[in-house]
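Below is one structure, written out as structure tokens; the observations come after it.
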Amino acid sequence: MIRLRDVHKSFGSNHVLRGVSLEVPKGQNLVVIGGSGTGKSVLLKTILGLVPQDKGSILVDGAELTAANRDDFLQTFGMLFQGGALFDSLKIWENVAFRLLRGPKKRPREEARALAIEKLGRVGLPERVADLYPAELSGGMQKRVSLARAIAADPSIIFFDEPTTGLDPIMSGVINDLIRGLVTEMGATAISITHDMTSVRAIADQVCMLYQGRVQWLGPVADLDHSGDPYVDQFINGRPEGPIATLR
Ligand SMILES: Nc1ncnc2c1ncn2[C@@H]1O[C@H](COP(=O)(O)OP(=O)(O)OP(=O)(O)O)[C@@H](O)[C@H]1O
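The numbering of the sequence shown is the UniProt record's numbering, which starts it at 1 and goes up by one.
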């Protein structure tokens, strides 16, 4: 379980997170939605320790994350970065096995390669792609490779940052199904960020909408269409009119 309590973060006078509290139960995927600049990425970065919060606490399985134990925590999580972020100069299997080839999870090369091929299989890619380079694959296949990398070290916590951006609707559907399946299969706890409402509906257990640095609404995905919250309604239906001010 991941729990945030009253997390604040400012950059100078820009008070981005103004007291975010939320909980993600074990084995569930919480999808964070909200307009551009509402702090979705900053929220993920505070959990990862890339951006230290000014106030408030972050707990994983009941233990507070601190500078001292964060490295241990980082060993237990997987991340699908926005855009995939594969290393061009590494073969596909080396990308997937990145964390198995160095650091505390280091394995012998042959073992790491076999594990990478197994994970590629989990995301529907055949063994023959293992020795190719990222540039030789389509965008959708690269996204699958990124997914395989995110799950390579059997994480108990996974973050998905804009997993379907740049993909056609069918490939987005395939990636959504894979994410849903992987989270369910692995029993992992996940937090995802997406602007894609189809993706929200396909992968979320719970949905959290951030607005002006706070949690505007948090509830089961099944309640999204009848949240009774005018901010959520405006956002999910993409209406220019409503309580959320838009620039024209
Ligand atoms: N390292 C930083 N230094 C200064 N300001 C930052 C930094 N990181 C983020 N911000 C500011 O924090 C705010 C929230 O940014 P964030 O990237 O979290 O938004 P977002 O909700 O993820 O937006 P988008 O949907 O467009 O990706 C923005 O005003 C941004 O300029």
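Cβ atoms here follow ideal geometry from the backbone N, Cα and C, with glycine treated the same way. Predicted model only: the values in this text are computed from it and were never measured.
* **Met186 (DSSP reduced to helix, strand or coil)** => Numbered from 1 along the sequence shown, position 186 holds the residue referred to as residue 186. Helix, per DSSP.
* Asked: Leaving out five residues before and five after His8 in sequence, what residues of the same chain have Cβ atoms less than 7 Å from its Cβ?
  -> Mapped onto the sequence shown, residue 8 falls at position 8. Only Leu17, Arg18, Gly19, Gln53, Asp54, Lys55, Gly56 meet the Cβ criterion.
* Asked: Going by C-alpha distance, which of Gln206, Arg214, Glu241, Thr246 is nearest Ser227?
  -> Against the sequence shown, residue 227 aligns to sequence position 227. It is Gln206 whose Cα lies nearest to the Cα of Ser227.
* Asked: Should Asn95 be counted as a contact of ligand 1 given a C-beta to heavy atom distance under 7 Å?
  -> Mapped onto the sequence shown, residue 95 falls at position 95. Result no, Cβ not under 7 Å from ligand 1.
* To do: Enumerate, from N- to C-terminal direction, the unbroken beta strand (DSSP E) stretches of 3 or more residues contained entirely within the stretch 80-106.
  => none
* Asked: Around ligand 1, which residues pass a check of Cβ closer than 5 Å to any of its heavy atoms?
  -> Phe11, Val16, Ser36, Gly37, Thr38, Gly39, Lys40, Ser41, Val42
* **Exposed unless 16 or more other CB atoms sit within 10 angstroms - verdict on Ala153** => Locating residue 153 in the sequence shown gives position 153, where the first residue counts as 1. Ala153 should be labelled buried.
* Asked: Just how far apart, CA to CA, sit Glu127 and Glu94?
  -> Position 127 of the sequence shown, counted from the start, is the residue given in the question as residue 127. Position 94 of the sequence shown, counted from the start, is the residue given in the question as residue 94. Roughly 13 Å separates the two Cα atoms.
* Please go through the same chain and pick out, in chain order, the residues whose beta-carbon is closer than 8 Å to the beta-carbon of Ala148, but skip the five residues on each side of it. => Start at 1 with the first residue of the sequence shown, and residue 148 comes out as number 148. If we look at Ala148 and ignore the five residues flanking it on each side, its Cβ neighbours are Val96, Ala116, Lys119, Leu120, Arg122, Val123, Leu125.
* Asked: Taking the alpha carbon of Ile236 as the point to measure from, which residue in Thr198, Phe11, Met171, Asn14 has its own alpha carbon closest?
  -> Looking up residue 236 in the sequence shown gives position 236. Among Thr198, Phe11, Met171, Asn14, the Cα nearest to that of Ile236 belongs to Thr198.
* Asked: Of the choices Trp217, Tyr231, Phe77, whose alpha-carbon is the least far from that of Arg99?
  -> As a working mapping, residue 99 is identified with position 99 in the sequence shown. Out of Trp217, Tyr231, Phe77, Phe77 has the C-alpha closest to the C-alpha of Arg99.
* Grab me the residues of Met171's own chain with a C-beta within less than 7 Å of its C-beta, minus the 5 sequence neighbours each way, in chain order. => Within the sequence shown, the letter at position 171 stands for residue 171. Around Met171: Gly140.
* To do: Taking Arg113 as part of the alpha helix (DSSP H), name the residues at either end of that continuous run.
  => Within the sequence shown, the letter at position 113 stands for residue 113. 109-122 is the extent of the alpha helix (DSSP H) around Arg113.
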